[in-house]
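*Asks:* Residue numbers (the UniProt record's numbering): 1 to 83.
Quick reminder that beta carbons are idealized off the backbone N, C-alpha and C, glycines included.
1. For the alpha helix (DSSP H) that residue 1 lies in, which residues bound it at each end?
2. Under three-state DSSP, which class holds residue 83?
3. Answer with yes or no whether the minimum CB distance from residue 76 to chain D is below 8 Å.
Below, the structure written as structure tokens:
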């Protein structure tokens, strides 16, 4: 009776260890996927920062071109009205 109880306890313990092993494997797989997602996210953030810098430069160039064109236009208008 005691031996069969001990045997049953060890069987139950073995089943619990097996179930927990599956849970640990699932957690490990989730951690690995998360690592990949974080790495990809970091790359995308770097790429977004690069695009943002390029866009800022383009905006500055367009503002400068617009200011020069506006200055030329104002100069032409002032020159024509003074003539």
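*Replies:* According to the data block:
1. From DSSP, residue 1 is part of no alpha helix (DSSP H); its letter is neither H nor E.
2. Correct three-state label for residue 83: coil.
3. The chain labelled as chain D is not found in the depicted structure, where only one protein chain is given.
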